[in-house]
Amino acid sequence: MGDVIQFKKPKPGEKFKGLSLCNSGFHKWEPVQENPFDVDQGRLITRLVCKRCGATKTEAR
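Just so you know, the working numbering puts 17 at position 3 of the sequence shown, and the rest follows in order with no gaps.
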């Protein structure tokens, strides 16, 4: 017979991992380090990635 593995029920904090904030529109944006900025149409463009969910956006400054 094989070994019996005990499965544990995930806690609510582990189950959602902070995605409720991102679903409500409160992302935690961080700039991308590989390509910190890009020049597009004479404006400085910054690429941002959410630390929690991985969503990306660009911001013109």
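Quick reminder that beta carbons are idealized off the backbone N, C-alpha and C, glycines included.
Cβ neighbours of residue i in the same chain (closer than 7 Å, five flanking residues each side left out)
i, result
"Gln55", "none"
Neighbourhood of residue i by C-beta, 8 Å cutoff - its chain only, sequence neighbours within 5 removed
i, result
"Ala69", "Cys36, His41, Val63"
Length of the line joining the Cα atoms of residue i and residue j
i, j, result
"Asp17", "Phe30", "30 Å"
"Ser1", "Lys65", "In this structure the chain extends from 15 to 75, so residue 1 is not present and cannot be described."
"Arg6", "Cys67", "The question about residue 6 has no answer here: the residues shown for the chain are numbered 15 through 75."
Coarse secondary structure for residue i, derived from DSSP in three states
i, result
"Cys36", "helix"
"Pro24", "coil"
"Lys29", "helix"
Close Cβ partners of residue i (< 6 Å) along its chain, the five nearest in sequence each way excluded
i, result
"Lys12", "Since the first residue shown for the chain is 15 and the last is 75, residue 12 is missing from the structure and cannot be characterised."
"Asp52", "Ile59"
For residue i, the residue or residues it bridges with in DSSP
i, result
"Ile59", "Asp52, Ala74"
Exercise. Just checking, does the segment 39-46 make contact with the segment 20-29 on the three C-beta pairs under 8 Å criterion?
Worked result: No, they do not touch.
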